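Numbering (our numbering), first residue to last: 316 to 471.
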């Protein structure tokens with residue numbers, strides 16, 4: 316009997332590479348077309364705050380995934396639905412932390428270009444990563460994941 320089920324979500328690229336690649340493009344655009352959009356103290360405070368939250372959220376999510384004995388890498392099979400820790404409030408705490416880190420870096424670098432490119436990152440993440448992960452998790456875990464999805468928001 317043939318099994319057509321691919322035991323991973325088939326994401327288009329590793330999420331950190333998506334964020335890093337677009338951030339680099341935004342930073343390069345800032346070098347070519349410099350812009351300043353907010354006073355330095357404001358971007359430092361907000362940017363540092365975003366990065367600090369990201370640096371707390373990501374390790375907490377990693378810990379919960381390890382505790383549940385499931386893979387963090389979306390190219391590997393999921394072995395459990397994680398619903399504890401930050402997964403109680405967002406289905407994607409790692410991607411939320413990557414987004415906060417991206418925003419923080421863009422602000423600190425005063426890169427309006429990177430901020431303007433953020434919707435592109437989020438579109439790619441939603442369509443090329445998260446939608447695929449959700450379809451995979453629904454196929455693999457059925458009602459358990461559908462119920463979790465109904466209770467917890469995708470982002471925040």
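Backbone N, C-alpha and C fix where the C-beta goes; we use that ideal spot for every residue, glycine too. Please read all numbers here as calculations on a predicted model, not as lab measurements.
Between the segment 426 to 436 and the segment 389 to 398 there are fewer than three C-beta pairs closer than 8 Å, too few to call the two in contact. Along the segment 330 to 410, the alpha helix (DSSP H) occurs as fully enclosed runs of 4 or more residues at 330 to 347 and 355 to 382, listed in sequence order. Per DSSP, the continuous alpha helix (DSSP H) segment holding residue 465 begins and ends at 458 to 466. Listed in chain order, the non-local C-beta contacts of residue 344 below 7 Å within the same chain comprise 428, local neighbours out to five positions each way being set aside. Linking residue 461 to residue 326 through their CA atoms gives a straight-line distance of about 20 Å. If you draw a straight line from the Cα of residue 332 to the Cα of residue 417, it is about 12 Å long. Restricting attention to 368, 362 and 397, the CA atom closest to the CA of residue 378 is found in 397.
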